[in-house]
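Q:
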C-alpha cells in the first residue's frame, strides 16, 4: 500500500505503484480527494487508486482559534466603529440649520440639540479609541507573528501542523481495514500515519512494515509565503519523531540520503531511488515545444519546465536574455501559466525588453514531458540557494537529459556534481544573470559534445526509470523475503475497493 497526501499529479507515487504491481504485489494507493468525495480508479487494472474524502478539522480548528484570538478587543469598546455615528452627525447638522433659520425655535429644542451634540462627541471619541485600539492590536499581532514565524526553536509540531492528525483520521481506518503487509508513506506529511498503523497492527499480532519515502530534505525546504521557519521546523520535527521507526527509508538523492543517515542516526543508509522519467522512446510524441511556439529549428531555445515559485530562479534566466541576442526561453508552467507568479514574470520580461523571446506554455502529461521538451536546445534549472536545493535532484534534471537536452544548472552541490561527472552541461552562479548568460553562450556553442554524452547507453540507464525500478524491487524483495524479479503482473484487487467503499459509506 502506498499513501500520499496528494496523488493527483505525483508521478513518483504512480511510477512506484506501477513497478510494484508489475512485480506481482497487490497495490493500493491512498490519497486525499480535492472535492471531499470518494474517488476510486485503477491504474490500467493493476492497482487501486483511492482518493478519500478528507475534512481537515484539526487544521481548520487551529486557524479558527488563531482568528478568534486576533479578533478579540476590549469589552467596552468592541472591534468596529458604530455605523450610526454618520447618521447622527447628519441629523445634528440638519437641526442646526433649522435653528439658524429661526424655524421652530425654542429653549427645549436648543437643549435637546446640545444633548445630541454631547452624545455624538462621546460616540466620536469612542470611535477614535476603537480605531487606535485596532491599530495597536493589529501592529502587536503582526509583530508577534513576525517574531514567532522566524523562531524555529521549541516548536511543537502538533500545535503548528495539526493536519497530521487530519491525515490520521483520513487514512488510519482504511489502512487498518485493508491490512497490508507494507505501508509506503510518501513525504513527511504521512509518515506518522504509517508508523501508528504499524504499531496498531503489532498490537493486534499482525506484522506491518513501513517504508518512508523522503521526497526532500525537510529542514532545508526553501522559505516563502506560508513556509516560515517555524512551519518548516514543525514538519522537520514530525519527520524526526517517526523516521527511526520506519523499517526502510527511501529518498531522491545521495546528498539527502547522507544527511538523513547522519542526522537521524539511522541503522542503514537510505536507499536512493532517483525521481527519473521513462525513456522517451516508450512514449508516442504527438506534440513538441518548438511546434507549440512556432519557432524554427535554427533559433536557439532554452526551456524551463516545472513549478513557478520565487525560489526557482526563473527571473535570473529572463534578465539574462538581454545578453543573449536571438536566444528564446520557453517556460512550461506547472500547473498553469495563468498564475499571479507567471504574470510577474511576464512583466519582468516586458521591463527587460525581451517579452517577444519569452514564451509561457501549458504543461503536458507526466509521461509526455521528456518527448515534448526534446526539440529545445538546452534545459535550465536556475534554482536559488536553499539548503534543500543544495541536495536536490529534481525530476526535470532527468526529463531534460533523457530528452537529449544539455543542462544549464545553478551551482547547487548535487546538480553541479551530477552535470560535471557525466559532462552533460554547465553550471553558473545561482542568481547571477551575467554568469547565466556567459555559461549559456558557452553551452550553446558546444551542444553536440554534450549530446554525445547524453546518448551514452550507460548514462541513459542511470537516468531512466528502469534502472531505479530495479532498486525499488530489490528493496521490497529484501523487506518481504520474496523474489520480485520474475513475477506475473498483479491485478487490482476488488476486495480493496469494496472495503474502501464500505468504510467511507459507514463514515
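In the working numbering, the protein residues as written are 30 to 536.
Glycine included, each C-beta is placed from N, C-alpha and C at the ideal position.
The structure displayed is predicted, hence computed values, not measured ones.
Consult DSSP for residue 340 and reduce its assignment to one of helix, strand or coil.
A: Working through the chain shown from its first residue, we reach residue 340 at position 311. If DSSP states are grouped into helix, strand and coil, residue 340 belongs with coil.
Q: Take the Cβ of residue 103 as the centre, count every other Cβ of all protein chains shown within 10 Å, and call the residue buried at 16 or more, exposed below.
A: Here residue 103 corresponds to residue number 74 of the chain shown, with the count starting at 1. The residue in question, residue 103, is exposed, as its Cβ has fewer than 16 Cβ neighbours within 10 Å.
Q: Would you mind sorting residue 177 into buried or exposed? The rule is 16 or more other CB atoms within 10 Å of its CB.
A: The sequence position of residue 177 within the chain shown is 148, counting from 1. Exposed, since its Cβ has fewer than 16 Cβ neighbours within 10 Å.
Q: If you draw a straight line from the alpha carbon of residue 123 to that of residue 157, how long is it in whole angstroms?
A: Within the chain shown, numbered from 1, the residue matching residue 123 stands at position 94. Within the chain shown, numbered from 1, the residue matching residue 157 stands at position 128. Going from the Cα of residue 123 to the Cα of residue 157 covers about 24 angstroms.
Q: What are the partner residues of residue 277, as DSSP defines its beta bridges?
A: Position 248 of the chain shown, counting from 1, holds the residue named residue 277. Bridge partners of residue 277: 240.
Q: Ends of the alpha helix (DSSP H) at residue 61?
A: Reading the chain shown from its first residue, position 32 is the one you call residue 61. Careful: residue 61 lies outside any alpha helix (DSSP H), inside the beta strand (DSSP E) at 57-61.
Q: Check whether the Cβ of residue 441 lies closer than 8 angstroms to any Cβ atom in chain B.
A: The chain labelled as chain B is not found in the depicted structure, where only one protein chain is given.
Q: Decide if residue 167 is buried, meaning its Cβ has at least 16 other Cβ atoms within 10 Å, or exposed.
A: The count along the chain shown starts at 1 and reaches residue 167 at position 138. Result: exposed.
Q: Please state whether DSSP places residue 302 in a helix, a strand or coil.
A: Position 273 of the chain shown holds residue 302. Residue 302 falls in the coil class under three-state DSSP.
Q: Helix or strand or just coil, what does DSSP make of residue 505?
A: By 1-based counting over the chain shown, the position of residue 505 is 476. Looking at residue 505 - three-state DSSP - the assignment turns out to be helix.
Q: Alpha carbon to alpha carbon, how far is residue 317 from residue 402? Give it in angstroms, no decimals.
A: Numbered from 1 along the chain shown, position 373 holds the residue referred to as residue 402. Numbered from 1 along the chain shown, position 288 holds the residue referred to as residue 317. If you take the alpha carbons of residue 402 and residue 317, they lie about 6 angstroms apart.
Q: Just verifying my parser: in three-state terms, what is the DSSP assignment at residue 389?
A: For the purposes of this step, residue 389 is taken as the residue at position 360 of the chain shown. Strand at residue 389.
Q: Please state if the CB of residue 58 and the CB of residue 67 are separated by a distance shorter than 8 angstroms.
A: By one-based count along the chain shown, residue 67 stands at place 38. By one-based count along the chain shown, residue 58 stands at place 29. Cβ atoms of residue 67 and residue 58: not closer than 8 angstroms.
Q: Given this structure, state the Cα-to-Cα distance separating residue 215 from residue 369, to the nearest angstrom.
A: Position 186 of the chain shown, counted from the start, is the residue given in the question as residue 215. Position 340 of the chain shown, counted from the start, is the residue given in the question as residue 369. Those two C-alpha atoms are separated by around 29 angstroms.
Q: Hey, out of 374, 365, 286, 253, whose CA is closest to residue 393's CA?
A: Taking the chain shown and counting its residues from 1, the one referred to as residue 393 is at position 364. Looking at the Cα atoms, 365 is the closest of the given residues.
Q: Drop a sphere of 10 angstroms on the beta-carbon of residue 182, count the other beta-carbons inside from all chains shown, and report buried for 16 or more, exposed for fewer.
A: In the chain shown, counting from the first residue as 1, residue 182 sits at position 153. Residue 182 comes out exposed.
Q: Span of the alpha helix (DSSP H) holding residue 222?
A: Counting from one through the chain shown, the residue named residue 222 turns up at place 193. Residues 220-232.
Q: According to DSSP, residue 409 sits in a beta bridge with which residue or residues?
A: If you number the chain shown from 1, residue 409 lands on position 380. In the DSSP output, where bridge partners are listed per residue, residue 409 has 437.
Q: Below 8 angstroms between beta carbons: does that hold for residue 220 and residue 272?
A: Locating residue 220 in the chain shown gives position 191, where the first residue counts as 1. Locating residue 272 in the chain shown gives position 243, where the first residue counts as 1. Yes, Cβ-Cβ distance for residue 220 and residue 272 is below 8 angstroms.
Q: Tell me the DSSP secondary structure of residue 19 in three-state form.
A: Any answer about residue 19 is impossible in this case: the structure gives the chain only from 30 up to 536.
Q: Once DSSP output is grouped into helix, strand and coil, what is the label at residue 64?
A: Here residue 64 refers to the residue found at position 35 of the chain shown. Reduced to three states, the DSSP call for residue 64 is coil.
Q: On the DSSP bridge list, what partners appear for residue 79?
A: Taking the chain shown and counting its residues from 1, one reaches residue 79 at position 50. Paired residue(s): 59, 69.
Q: Where residue 142 and residue 119 are concerned, what is the direct C-alpha to C-alpha distance, given to the nearest angstrom?
A: Working through the chain shown from its first residue, we reach residue 142 at position 113. Working through the chain shown from its first residue, we reach residue 119 at position 90. Approximately 12 angstroms between the Cα atoms of the pair.
Q: Which residues in the same chain have their Cβ closer than 8 angstroms to the Cβ of residue 448, if we skip the five residues on either side of it in sequence?
A: Within the chain shown, numbered from 1, the residue matching residue 448 stands at position 419. Excluding residues within five positions, the ones whose Cβ falls inside 8 angstroms are 436, 438, 454, 455, 456.
Q: Would you tell me roughly how many angstroms separate the C-alpha atoms of residue 84 and residue 199, rounded to the nearest one?
A: As a first step, residue 84 must be located in the chain shown, where it is residue number 55. As a first step, residue 199 must be located in the chain shown, where it is residue number 170. Roughly 8 angstroms between the two C-alpha positions.
Q: Taking only three categories from DSSP, how would you classify residue 332?
A: Locating residue 332 in the chain shown gives position 303, counting from the first residue. Three-state result, residue 332: strand.
Q: What do you get for residue 253, buried or exposed, if any count of 16 or more other CB atoms within 10 angstroms of its CB means buried?
A: Counting from one through the chain shown, the residue named residue 253 turns up at place 224. Answer is exposed; the Cβ neighbour count stays below 16.
Q: Put residue 356 into one of helix, strand or coil per three-state DSSP.
A: By 1-based counting over the chain shown, the position of residue 356 is 327. Three-state DSSP puts residue 356 in coil, outside helix and strand.
Q: Are the Cβ atoms of residue 428 and residue 320 separated by less than 8 angstroms?
A: On the chain shown, residue 428 is found 399 positions in, with the first residue counted as 1. On the chain shown, residue 320 is found 291 positions in, with the first residue counted as 1. No, they are not a contact pair.
Q: Measuring only the C-alpha atoms, how far is residue 462 from residue 223?
A: Taking the chain shown and counting its residues from 1, one reaches residue 462 at position 433. Taking the chain shown and counting its residues from 1, one reaches residue 223 at position 194. Taking the straight line from one Cα to the other gives about 44 angstroms.
Q: Just to confirm before moving on: does the CB-CB distance between residue 418 and residue 262 stay below 8 angstroms?
A: The residue you call residue 418 lines up with position 389 of the chain shown. The residue you call residue 262 lines up with position 233 of the chain shown. Cβ distance not < 8 angstroms, so residue 418 and residue 262 don't count as in contact.
Q: Evaluate residue 356 with the Cβ neighbour count: other Cβ atoms within 10 Å of its Cβ, from every protein chain shown; 16 or more gives buried, anything less gives exposed.
A: Translated into the one-based positions of the chain shown, residue 356 becomes position 327. Residue 356 is buried by the Cβ-count criterion.
Q: Taking residue 488 as the reference, which of 56, 433, 466 has the closest Cα?
A: Here residue 488 is taken as the residue at index 459 of the chain shown, counted from 1. With distances taken between Cα atoms, residue 488 lies closest to 433.
Q: Where do the N-terminal and C-terminal ends of the alpha helix (DSSP H) with residue 443 fall, by residue?
A: Within the chain shown, numbered from 1, the residue matching residue 443 stands at position 414. Residues 442-451.
Q: Considering only residues of the same chain and omitting the five flanking positions on each side of residue 256, which have a CB-CB separation below 8 angstroms?
A: Residue 256 sits at position 227 when you count from the first residue of the chain shown. Taken in chain order, the residues that qualify are 250.
Q: Compare the Cα-Cα distances from residue 277 to each of 343, 72, 295, 206 and report the closest residue.
A: Reading the chain shown from its first residue, position 248 is the one you call residue 277. When each option's Cα is compared against that of residue 277, the closest is 295.
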